[in-house]
Amino acid sequence: MPTPLSRRRFVQAAAGTAAAAGLTGTTFAVAASPAYAADEFDTLRDTWRGLLLGEGFRPTAEPFASKLAAVGATARDLSERMAPADGSLWPDAVWADPDPDKDTESYGFSAKIQTSFAQLYAMAEAYRQPGTGLTGDTDLAEQIVTGLDHICAKIYNAGQEPYGNWYNWQIGGPQALLDTAVLLHDHLTAEQIATYCEAVDHFVPDSAVAEYTGTSTGANRIDLCRVLAVRGILGKKPAKLALASDAIAPVFPYVTKGDGIYADGSVIQHTTVAYTGSYGAVLLDGLSKLIALLGGSTWEVRAPKKQVIFDAVEASYAPFLHNGLMMDGVSGRAISRGLPPGDPKGQSDDQTRGHAIMASIVALGQGASDTENARWRALVKGWAQRAHYRPAATDAALSVSKLALLNDVLDDTSVAPAARPEGSSVFAAMDRVAHHRAGWAASLSMASRRITYYENGNGENLRAFHSGSGMLYWWGDDFANDQYSDRYWPTVDPYRLPGTTASAKRLADGEGGIWGAALPDVDFVGGAGDGTYAMAGQHLKGLSSTMEARKSWLFLDDAVICLGSAITAADGAAIETVVENRHLGPTGKNPLVVDGRAQPAVLGREATLDHAKWAHIQGHGGYLFPGGATLKAAREQRTGSWRDINSGGSPTEFTSRYVTLWFDHGTAPEAADYAYVLLPGADAARTARRSTALTGWLTKYANTAAVHGARIPSLGVTGAVFWAAGSFGGLTASAPATVLVRERRDGTATISVSDPTRKLTGLTLTWNKAVRSVLSKPATVTGAATGPALKLTFGDLSATGGATQKITLRLA
Numbered sequence: 094m095p096t097p098l099s100r101r102r103f104v105q106a107a108a109g110t111a112a113a114a115g116l117t118g119t120t121f122a123v124a125a126s127p128a129y130a131a132d133e134f135d136t137l138r139d140t141w142r143g144l145l146l147g148e149g150f151r152p153t154a155e156p157f158a159s160k161l162a163a164v165g166a167t168a169r170d171l172s173e174r175m176a177p178a179d180g181s182l183w184p185d186a187v188w189a190d191p192d193p194d195k196d197t198e199s200y201g202f203s204a205k206i207q208t209s210f211a212q213l214y215a216m217a218e219a220y221r222q223p224g225t226g227l228t229g230d231t232d233l234a235e236q237i238v239t240g241l242d243h244i245c246a247k248i249y250n251a252g253q254e255p256y257g258n259w260y261n262w263q264i265g266g267p268q269a270l271l272d273t274a275v276l277l278h279d280h281l282t283a284e285q286i287a288t289y290c291e292a293v294d295h296f297v298p299d300s301a302v303a304e305y306t307g308t309s310t311g312a313n314r315i316d317l318c319r320v321l322a323v324r325g326i327l328g329k330k331p332a333k334l335a336l337a338s339d340a341i342a343p344v345f346p347y348v349t350k351g352d353g354i355y356a357d358g359s360v361i362q363h364t365t366v367a368y369t370g371s372y373g374a375v376l377l378d379g380l381s382k383l384i385a386l387l388g389g390s391t392w393e394v395r396a397p398k399k400q401v402i403f404d405a406v407e408a409s410y411a412p413f414l415h416n417g418l419m420m421d422g423v424s425g426r427a428i429s430r431g432l433p434p435g436d437p438k439g440q441s442d443d444q445t446r447g448h449a450i451m452a453s454i455v456a457l458g459q460g461a462s463d464t465e466n467a468r469w470r471a472l473v474k475g476w477a478q479r480a481h482y483r484p485a486a487t488d489a490a491l492s493v494s495k496l497a498l499l500n501d502v503l504d505d506t507s508v509a510p511a512a513r514p515e516g517s518s519v520f521a522a523m524d525r526v527a528h529h530r531a532g533w534a535a536s537l538s539m540a541s542r543r544i545t546y547y548e549n550g551n552g553e554n555l556r557a558f559h560s561g562s563g564m565l566y567w568w569g570d571d572f573a574n575d576q577y578s579d580r581y582w583p584t585v586d587p588y589r590l591p592g593t594t595a596s597a598k599r600l601a602d603g604e605g606g607i608w609g610a611a612l613p614d615v616d617f618v619g620g621a622g623d624g625t626y627a628m629a630g631q632h633l634k635g636l637s638s639t640m641e642a643r644k645s646w647l648f649l650d651d652a653v654i655c656l657g658s659a660i661t662a663a664d665g666a667a668i669e670t671v672v673e674n675r676h677l678g679p680t681g682k683n684p685l686v687v688d689g690r691a692q693p694a695v696l697g698r699e700a701t702l703d704h705a706k707w708a709h710i711q712g713h714g715g716y717l718f719p720g721g722a723t724l725k726a727a728r729e730q731r732t733g734s735w736r737d738i739n740s741g742g743s744p745t746e747f748t749s750r751y752v753t754l755w756f757d758h759g760t761a762p763e764a765a766d767y768a769y770v771l772l773p774g775a776d777a778a779r780t781a782r783r784s785t786a787l788t789g790w791l792t793k794y795a796n797t798a799a800v801h802g803a804r805i806p807s808l809g810v811t812g813a814v815f816w817a818a819g820s821f822g823g824l825t826a827s828a829p830a831t832v833l834v835r836e837r838r839d840g841t842a843t844i845s846v847s848d849p850t851r852k853l854t855g856l857t858l859t860w861n862k863a864v865r866s867v868l869s870k871p872a873t874v875t876g877a878a879t880g881p882a883l884k885l886t887f888g889d890l891s892a893t894g895g896a897t898q899k900i901t902l903r904l905a
């Protein structure tokens, strides 16, 4: 560790920096009062400071006392290690790029500029927050200001051309710079503020938001508007604030392509990536802050479509929240940004992402209607109280301000926690399904020519190759809520992700290209749902593989029916469909039982299970195999580190155990298939009973190259994926489509239909069922003939974006 700077040495280093910046004699000015007379800008600056630091919490109460002490400890460590040099402010954060023409290297160096500003902000927070042990420490304040001057003199200034990642120069770096300047405002001169603003103007000119395109869309646009707004406040420039307020408007309307929020609730960033849980979280957080900051001011956000973000809370975010966690299938490369277990900063995983989004929902509620605010606070309180694995209210990875928001809700006795929401949602625009039923939740990740298999970039998320190949995630209500948390992504076998069909062919890290470039050449991906159940289908082509498959899923009350057919490949590598790859933690020994027989718990040994009818993993759930199946099973203890899947991650290694079940289709399958039923949370006895009664429950299913289908009379449900024109369960489709039928005891029925290909200009669907009348139908239904059978004629479906077309019927 470098020797800490003495006050004298630090002042000497600062003098050199100040001279280079043209600020000699002003670096350590500590203003007795603000540099400008109190006005609306000062009010906004105070508001922003409150949003950054949090309000209404007791610093001596937990979790705040511990969190504030940790903030202080971090700042003290940074203070001791700071050592200004020509190419850095900290020795381990060098920003000087030896070869700007090499993008891979430049990205790492430009990131250190953002890192350096962020570390100064961490020190500034310790200075401003109460109870840190450094609160109001003037030596610390002087050191922070010196650090700002040093970076701006050496690298972040109007004479510097950016290199590496644009984000570090236009968003990450200036946000931390401006926020630090807001917290240290009383220690800055007008000249220093002008210098910082000039640097920001150089890298983030007004033209950055002139058009809603490229890197200025969705969450990125809100981040840029945040930079412009705070720069306008700091430099007292009305035009900057007006621009920021106006430039937010394009984010609100629903989009039909590219980045943004879709009418079906999808959130996409980087054109092809499902990103509700990461960029979507930035969007929500940024909007909640900007709406609060500018509310009631001259520059209040008055965009006519602002209601879209309020509606998105329940349409976009809530479906992917489960007991406080945010599902990984919509979090892109953020799933690779973990910390070693036991790290004092806390974990960075699905739990923390969920907790942060919950806090943002609370913040956004302050700008919503009273009805919406009350409803969201109830939802958040329910999620927080059910956060069994890591309590949201004490999550060490959250900022003080977010902890304050969550604890405010939990301590509010007037708020009754909402019950865990139930429902099924098909997000056609981003090839995702989210399903919530009593006692469990699941999500499905698919890929098409519209949505990438996975995203990697900046050296992150290097091995999630097959996470869009039909990965089926599921969690219990009060168990297995850490299934994909903590150690999962660094230790799981990336070729055996649950639910996927994949080739064992070894792939290079980052296979397929960066920023979501890996897109399969397929159209038929999507599904239809009625809000309670859902049917989805995926024509799968393997990444950098000759493997193809037809896959489908029917999501029900206590089960997911999983079907696959037409599996072919010529790679010479094993082709597998993974029934399950359950994470058991570092020492888990959960028994695996197949057809009533306990399987040996031997690590590293594969077993072949012939004619298996059912299987059960203790503490997790059961699996049924209609007609019997030949399965493979194995237990593994796998070791990995975050560095393995993220070049900037921690090299600390840790281990986890897994129990895996899969179908081995061989190395050259020509028309392989599979069928199984997942029973989340079922115990062994219930699994055995369901296996015995399976043919009475699942009376019919089809699993061919032309159609997948399942019929469950006890639920009145028939689901079908027509890969081509065909028939199943009394349904006949004239073209490829997904269909879900649900008959109710009150004599009504719904038919939910979608065009996953987005290409149909016409479709005829017949149902061999007596129908009295059509109660409701969308405009896409151009004809409906009732009687002994129903005949529905659809017009052009190509413009529906794969959305469900729902028809309600009165049965005869």
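Counting from 1 along the sequence shown, just add 93 to a position and that's the residue number in our numbering. Glycine included, every Cβ here is placed at the ideal spot set by N, Cα and C. Note that the coordinates shown come from a computational prediction; the quantities given were computed from them, not determined experimentally.
Task: Where Gln222 falls, given that 16 or more other Cβ within 10 Å makes a residue buried - done: Answer is buried; the Cβ neighbour count reaches 16.
- [ ] Under 6 Å Cβ to Cβ from Thr167, same chain only, skipping five residues before and after it: list those, please.
- [x] Excluding residues up to 5 positions away in sequence, Ala215 lie with their Cβ nearer than 6 Å to the Cβ of Thr167 in the same chain.
TODO: Report all residues from its chain with a CB closer than 6 Å to the CB of Leu685; omit the five preceding and five following residues, and keep chain order.
DONE: Only Gln692, Ile710, Val752 meet the Cβ criterion.
Task: For Asn574, the three-state DSSP class (helix, strand or coil) - done: DSSP places Asn574 outside both helix and strand once states are collapsed to three, so it counts as coil.
Task: Three-way DSSP call (helix, strand, coil) for Pro719 in this model - done: Under the three-state reduction of DSSP output, Pro719 falls in the strand class.
Open item on the list: For Thr670, tell me which candidate among Cys318, Ser424, Trp755, Ser309 has the shortest Cα-Cα distance.
Closed with: Residue Trp755 is the option with its Cα nearest to Thr670.
Task: Exposure label - Ser541; buried when at least 16 CB within 10 Å - done: Buried, because 16 or more other Cβ atoms sit within 10 Å of the Cβ of Ser541.
Task: C-alpha gap between Thr901 and Arg865, whole angstroms - done: When rounded, the distance between both Cα atoms is 11 Å.
TODO: Buried or exposed for Ser596, please, with buried defined as at least 16 other CB atoms from any protein chain shown within 10 angstroms of its CB.
DONE: With 16 or more other Cβ atoms within 10 Å, it is buried.
Task: Glu699 in three-state terms, based on DSSP - done: Here Glu699 sits in strand by DSSP.
Task: Distance between Val519 and Ser845 (C-alpha atoms, nearest Å) - done: Across the structure, Ser845 and Val519 are spaced so that their CA atoms are roughly 11 Å apart.
TODO: Go through the region 277–364 residue by residue and report every complete run of the alpha helix (DSSP H) that reaches 4 residues or more, in order.
DONE: For the region 277–364, whole alpha helix (DSSP H) runs of length 4 or above, ordered along the chain, are 283–296, 311–328, 331–340.
Task: Beta-carbon gap between Ala775 and Gly840 smaller than 8 Å - done: Against a cut-off of 8 Å, the Cβ pair of Gly840 and Ala775 comes out as no contact.
Task: Whole runs of the alpha helix (DSSP H) within the region 437–484, excluding any shorter than 4 residues - done: List check, alpha helix (DSSP H) in window: 443–458, 463–478.
- [ ] On the DSSP bridge assignment, give the partners of Val832 in chain order.
- [x] According to DSSP, which records beta bridges pairwise, Val832 is partnered with Ala813, Val846.
Task: 6 Å CB neighbourhood of Asn574 in its chain, flanking five on each side removed - done: Counting only Cβ-Cβ distances below 6 Å, and skipping sequence neighbours, we find Asn416, His481, Tyr482, Trp568.
Task: Proximity winner among Leu276, Ile428, Ala283, relative to Gly742 (alpha-carbon distances) - done: Ranking the options by Cα distance to Gly742, first place goes to Ile428.
Task: Buried versus exposed, by CB contacts within 10 Å (16 or more), Pro849 - done: By the neighbour-count rule (16 or more Cβ atoms within 10 Å), Pro849 is buried.
TODO: Using DSSP bridges, identify the partner residues of Gly630.
DONE: Residue pairing by DSSP puts Gly630 in a beta bridge opposite Gly619, Ser645.
Task: Cβ shell of Thr487 (< 6 Å), same chain only, five flanking positions each side left out - done: Correct list, in chain order: Pro156.
TODO: Could you tell me which residues DSSP pairs with Asp757 in its beta bridges?
DONE: Paired residues: Glu669.
- [ ] Can you give me the start and stop residues for the beta strand (DSSP E) that Pro773 sits inside?
- [x] Pro773 -> beta strand (DSSP E) spans 765–773.
Open item on the list: Determine whether the beta carbon atoms of Gly431 and Ser441 lie at a separation below 8 Å.
Closed with: Contact: yes.
Open item on the list: Spatial neighbours of Thr65 within its chain, please: C-beta separation below 8 Å, excluding the five flanking residues on both sides.
Closed with: Shown here, the chain extends from 94 to 905; a query on residue 65 therefore has no answer.
Task: Where Val695 falls, given that 16 or more other Cβ within 10 Å makes a residue buried - done: Note on Val695: under 16 other CB atoms within 10 angstroms of its CB, so exposed under the neighbour-count rule.
- [ ] Can you check the region 546–575 for any beta strand (DSSP E) of at least 3 residues that lies completely inside it and give the ranges in chain order?
- [x] With a minimum length of 3 residues, the unbroken runs of beta strand (DSSP E) contained wholly in the region 546–575 fall at 564–569.
- [ ] Quick one: measure Cβ to Cβ for Leu853 and Leu890, integer angstroms, because I've assumed they're closer than 8 Å.
- [x] Rounded to the nearest angstrom, the Cβ distance from Leu853 to Leu890 is 4 Å, consistent with a contact under 8 Å.
TODO: Starting from Leu496, trace the alpha helix (DSSP H) both ways and give me its first and last residue.
DONE: Element bounds for Leu496: 493–503.
Task: Sufficient close CB pairs (3 or more, under 8 Å) joining the region 581–589 to the region 639–646 - done: A contact is defined here as three or more CB-CB pairs under 8 Å, and the region 581–589 fails this definition with respect to the region 639–646.
Task: Local conformation of Asn739 per DSSP, three classes - done: Reduced to three states, the DSSP call for Asn739 is strand.
Open item on the list: I want to know whether the region 445–458 touches the region 401–419 - three or more CB-CB distances under 8 Å.
Closed with: Yes, the region 445–458 is in contact with the region 401–419.
Open item on the list: Quick check: the Cα distance between Ser99 and Asp586, rounded to an integer number of angstroms?
Closed with: Confidence at Ser99 is low in this model, with a pLDDT of 34, below 50, so the placement of that residue should be treated as unreliable; the coordinate-derived value is given next. Between Ser99 and Asp586, the C-alpha separation is close to 50 Å.
Task: C-alpha distance - Val770 paired with Ala269, whole-angstrom precision - done: Cα to Cα, Val770 sits roughly 50 Å from Ala269.
TODO: Consult DSSP for Ile428 and reduce its assignment to one of helix, strand or coil.
DONE: Three-state DSSP puts Ile428 in a helix.
Open item on the list: Bridge partners for His528 per DSSP, in chain order?
Closed with: As computed with DSSP, His528 is found in a beta bridge with Ser517, Ala535.
Task: Extent of the continuous beta strand (DSSP E) to which Leu685 belongs - done: Element bounds for Leu685: 685–687.
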